[in-house]
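Q: Take this structure first; my questions come after.
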Amino acid sequence: MRSLKRRPFVALAAVLVAALLLTACSGDRSAPAGSSSGGTGGARGDNTFRIAVGIDPDTLDPAGMTTTTVANMVDYIVETLIKIDKDGNIKPGVAESWEVAPDGRSITFELREGVQFHDGTPFNAEAVKFNIERILNPDVRMPLRASYTVIERAEVVDEHTVTLHLKEPAPYLLGALTYTAAGMISPKSVNEHGNSMTAYQHPVGTGPYALKEYTKGSQLVLEKFEDYWGEAPYYDQVVFQIVPEAATRESMLLAGQVDMIILPPTSDIPALQSNSNVRVLLAPSDRTIYAAINTQHPALQDKRVRQALNYAVNKEEIIEHVLFGAADVMDAPMAKPLLGYCQTGPYPYDPEKAKQLLQEAGATDLELEFVTPTGRYLQDYQAAQAIANFLQEVGVQVSLSTMDWPTYTATIMVPPERSTVQIHILGWAPTFMDSQQQMLQFTKDNHPPKGLASSYYTNPQVEELVAQANREVDQEKRQELYCEAAKTIWEDAPWIFLWVQRFPIVHSAKVTNISYLPNEKFDAIYARPAE
Amino acid sequence: MKRYIIRHLIAAVITLLGATFVLFLIVRLIPGDPAVVIAGPMASSEEVERIRGQLGLDRPFLEQYWTYLSRLVRGDLGVSARTQQPVLLEILARFPYTLKLAVVSAALATVTGVAAGVIAATRRYSVFDYLASFGSLLGVSMPVYWLGILLIVFFAVRLQWLPAAGAEGPGSIVLPAVTLTAYTLALVARMTRATMLEVLEQDYVRTAWAKGLPRPRIIFQHALPNALVPIITVVALQFGSLLGGAVLTESVFAWPGIGLLLVDSIFARDFPMVQGIVLVYSAMIILLNLGVDLLYAYVDPRIRYS
């Protein structure tokens, strides 16, 4: 009788013990002894700089890059021939200098001497040739390959000189070569660390930090590379912690568990700005945020209607109250850091003019389906609600809905005859600072489903100017051609031109020397404790 | 008993097979093209097309399913579309975190929940009983996300006692486990109170009182064991939802378990990974149910002999 009564207890205990054993056996690989909790910023004493980011890398192969945050991490490990500075200007990387041939059909790079990869392989012209060939190899997954396919071959001139021969003049290529996707990896490394040519997961580059350990979904640990050719960074270790929730990232920073975060909850920016323990950096970026208008929809073919929509929205007010200052009103169809930018706007907030234009165009009973993603861009859904309100105020009937990103792309990436929406929010951030990338949005070749030029906009004059500019070798002339095209685009208003998003970076006041690049990247390699 | 187990095992395999088919179909019915999502907005259509070919998405549905099944029986869960790494390796790297969190939460819920329930039942209408009722109502109705953030703000940011997030060091599991356990704990406490109250009304308990047995002996030897069967059921079934329901908790606390991986994979339309993870979930739930059935038979002889 006694034993029977005890049975439930025994059973319950057995379940718990078994389960505990199960987890004990499963091991805990990510718990280095003495790890910190609630420390004091970069001065925790372990000489490690910790950064919380929101995205778990899909790949660490530079060629596979699609996400800026991931590329930003890879930039610590892998370097490009040439780089960009804060203002978008091209500067030397592992190539010391470069020269574009007068006919624009080749570029010759003089490589820096004494540079080596983390595995000791010397960085030389052969290594560059290997990397260029890998970029062009169709077996390697490389979503951004289109920007590089203009390269015909790489020629080794001597140990430290390499020439890229092009199929046609491609003035945008220099810009493309500054992006992480064109990063130089050690030729030897494709056969080591479990890597192969096509499945490359452990990058070995020439950068100031080398990859030490990557725990999926948790963290990426980098270690200072002692033989780095350039200025040595301050911290011995850099740890990227993967923290999907913005509010959690913010808490980790406030608790001193990390030294720096990107993208805090946007609505907390004012509170962070007034907190003396942290510094907020709202970095200018190249991400234009707009409401693409279906220019082929019968009610929206008249450009006066599209202009009216532009006049109807009070961008300043949305930026101030919904985006908490983390954006600048768009004053051209591209962002400032891009080569080819010239000011063409803005469209001031003028509801009377909007009503008048709608009247003139006979579009007084406009009804629009409006969609927006949620969480893809800063305050996207909230901003869309405000935009919808402004449109209602000038008499446009708007019904707004939202969906997850994959569904969203499936909704907007359809040919015009199958389109079900008339306006949708989108952000476009060129990976390199050249208007060639921005103009993809305004040319026929990129209309969905082929590309993401989802306003289906085309204008023969713009097509011609852009085609010319994309080939023009003289950079000043290019600038003029893009500017010319931009003016026409602005007038045609295929978008409700909204704002250029800023990229919020927040770091502990105990660290300093943290900057940014104009393509939504942080520049914290040379971070160090503040005095 | 042997036949009982074999019958249940066969049923389990069939259920699992059905689950794979339904799942295979469902992920392909949700809108969104994996190749487009994986390649990113700046990719050219040629690259998107190439990725689609690599993923085998250009082949007929049944052919895709057949390839999947024939690999599955060989223990091959395929290759992740997003990371190009074997699905099984990715899951094995992250499942231990989810399991650990679920086990700690279940243990916490059981011990605390049963204790609270017993006290509440034996001191009915006392201050403690009201407090426990209020607490369990709170636990059942508080959104995990909100509770998690509150705990972080209080214990990590204000007091700096525990890490806010991540899976480093022994302290890191405390906040996510407390967050995850809240619902189950509340449920167990309510369940224990209710069944205990019922048992305490039974004749044999009254007899025990009449005999003048000491109070602890009546409660812990006569009443509680008989109240435990439904509690075991709740705990075991809740364990399944602790495994599957850890998604939000993992997200809030940056806990690198498979819940987080599942969400990432769904948003990337990474079919092989979603299929792999849900297969593991289904297998766990089926095993748990099987385990509970067997446990009943062990605990209650009436089930075994009938």
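Those protein sequences? They're chains R and X, same order as listed.
In this text, residue positions in the first sequence follow my numbering: the first is 1, and each later residue adds one.
In this text, residue positions in the second sequence follow my numbering: the first is 1, and each later residue adds one.
Note that the Cβ used here is the ideal one computed from N, Cα and C, for glycine as well.
From Pro298/R to Arg306/R, what distance separates their C-alpha atoms?
A: Each residue's Cα considered, the two are about 12 Å apart.
Q: Please report how far the alpha carbon of Arg249/R lies from the alpha carbon of Ile319/R, in whole angstroms.
A: Whole-angstrom Cα-Cα distance: 23 Å.
Q: So is Pro208/R buried or exposed if we call it buried at 16+ other beta carbons inside 10 Å?
A: It is buried - the Cβ of Pro208/R has at least 16 other Cβ atoms within 10 Å.
Q: Under three-state DSSP, which class holds Gly427/R?
A: Gly427/R: strand per DSSP, three-state reduction.
Q: Is Val243/R close to chain X, meaning its C-beta is less than 9 Å from at least one C-beta of that chain?
A: Yes, because at least one Cβ of chain X sits closer than 9 Å to the Cβ of Val243/R.
Q: If you measure beta-carbon to beta-carbon, which residues of the region 132–146 of chain R are closer than 9 Å to chain X?
A: Taking 9 Å as the Cβ-Cβ cut-off against chain X, the residues of the region 132–146 of chain R that qualify are Pro138, Arg141, Met142, Pro143, Leu144, Arg145, Ala146.
Q: Leaving out the 5 sequence neighbours to the left and right, which residues in its chain are closer than 6 Å to Gln437/R when beta-carbon positions are compared?
A: Same-chain partners within the cutoff: Pro430.
Q: Which ranges would you report for the alpha helix (DSSP H) in the region 180–256 of chain X if only whole runs of at least 4 residues count?
A: Listed in chain order, the complete alpha helix (DSSP H) runs (minimum 4 residues) inside the region 180–256 of chain X are 203–211, 224–244, 246–252.
Q: What does Gln257/R touch in chain X if you count any residue whose Cβ is under 8 Å from its own?
A: Those are Ala156, Pro163, Ala164, Ala165, Gly166, listed as they occur along chain X.
Q: Which same chain residues, not among the five before or five after Gln343/R, have their C-beta less than 6 Å away from its C-beta?
A: Hits under 6 Å: Asp331, Ala332.
Q: Run the CB neighbour count on Arg3/X, radius 10 Å, all protein chains shown included, and call it buried at 16 or more, exposed below.
A: So Arg3/X ends up on the exposed side.
Q: If you follow the alpha helix (DSSP H) that Asp523/R is in, where does it begin and where does it stop?
A: Asp523/R -> not in any alpha helix (DSSP H); beta strand (DSSP E) instead, spanning 521–523.
Q: Chain R partners of Val188/X, CB-CB under 8 Å?
A: Going along chain R, no residue has its Cβ under 8 Å from Val188/X, so there is no contact; the nearest lies around 11 Å.
Q: Any beta-carbon of chain X closer than 9 Å to the one on Gln201/R?
A: By this cut-off, Gln201/R is an interface position.
Q: Would you list the one or two residues that DSSP bridges to Tyr214/R?
A: Beta-bridge pairing links Tyr214/R to Leu220/R.
Q: Decide if Ile132/R is buried, meaning its Cβ has at least 16 other Cβ atoms within 10 Å, or exposed.
A: Counting Cβ neighbours within 10 Å, Ile132/R comes out buried, since at least 16 surround it.
Q: Measure the C-alpha to C-alpha separation of Tyr179/R and Thr80/R and round it to an integer number of angstroms.
A: Approximately 7 Å, taken between the alpha carbons.
Q: By Cβ distance below 6 Å, which residues in the same chain neighbour His321/R in space, the five residues on each side in sequence not counted?
A: Nothing meets the Cβ criterion.
Q: Just to make sure I have the definition right: I need the residues of chain X whose C-beta is within less than 7 Å of the C-beta of Asp404/R. Which are they?
A: The answer, in chain order, is Phe267.
Q: Report buried or exposed for Pro216/X, applying the criterion of at least 16 other Cβ atoms within 10 angstroms of its Cβ.
A: With fewer than 16 other Cβ atoms within 10 Å, it is exposed.
Q: Which residues in chain X sit within 9 Å of Met413/R, going by Cβ to Cβ distance?
A: Those are Asp33, Val36, listed as they occur along chain X.
Q: Are the CB atoms of Phe49/R and Val239/R nearer to each other than 9 Å?
A: Their beta carbons are under 9 Å apart, which means Phe49/R touches Val239/R by this criterion.
Q: Please confirm whether Val115/R and Ile185/R have their CB atoms less than 9 Å apart.
A: Taking 9 Å as the Cβ cut-off, Val115/R and Ile185/R do not qualify as a contacting pair.
Q: For the structure I just gave you, are there three or more beta carbon pairs, one from the region 159–172 of chain R and one from the region 96–111 of chain R, closer than 8 Å?
A: Segments in contact, yes.
Q: Indicate the three-state DSSP secondary structure (helix, strand or coil) for Tyr145/X in the structure shown.
A: Tyr145/X: helix per DSSP, three-state reduction.
Q: Considering Ala107/X, what are the terminal residues of the alpha helix (DSSP H) in which it resides?
A: That run of the alpha helix (DSSP H) goes 87–122.
Q: Cβ of Tyr200/R within 9 Å of Cβ of Val140/R?
A: Taking 9 Å as the Cβ cut-off, Tyr200/R and Val140/R qualify as a contacting pair.
Q: Candidates Leu254/R, Asn294/R, Ile387/R: which alpha carbon is nearest Glu317/R's?
A: The option with the nearest alpha carbon to Glu317/R is Ile387/R.
Q: Give me the subset of the region 446–474 of chain R whose CB atoms are less than 9 Å from a CB atom of chain X, sorted by chain position.
A: Taking 9 Å as the Cβ-Cβ cut-off against chain X, the residues of the region 446–474 of chain R that qualify are Asn446, Pro449, Lys450, Gly451, Leu452.
Q: Would you call the region 118–126 of chain R and the region 148–161 of chain R in contact, with 3 or more CB pairs under 8 Å?
A: Taking 8 Å as the limit for Cβ pairs, the verdict is that the region 148–161 of chain R does touch the region 118–126 of chain R.
Q: Is Val536/R helix, strand or coil when you go by DSSP?
A: With chain R covering 1 to 531 only, the question about residue 536/R has no answer from this structure.
Q: Please compile the residues from chain R whose C-beta is within a distance smaller than 7 Å of the C-beta of Pro41/X.
A: Within chain R, the residues near Pro41/X are Leu452.
Q: At a Cβ threshold of 9 Å, is Gln202/X touching chain R?
A: Chain R, which has no Cβ nearer than 9 Å to the Cβ of Gln202/X, makes this no.
Q: Return the CA-CA distance between Tyr204/X and Val27/X, expressed in angstroms with no decimal places.
A: Answer to the nearest angstrom: the Cα atoms are 55 Å apart.
Q: Along chain X, which residues have their Cβ under 8 Å away from the Cβ of Ala335/R?
A: Here the premise fails: no neighbours, minimum Cβ distance about 15 Å.
Q: Following the continuous alpha helix (DSSP H) through Val280/R, name the residue where it begins and the one where it ends.
A: Per DSSP, Val280/R belongs to no alpha helix (DSSP H); it is in the beta strand (DSSP E), 278–293.
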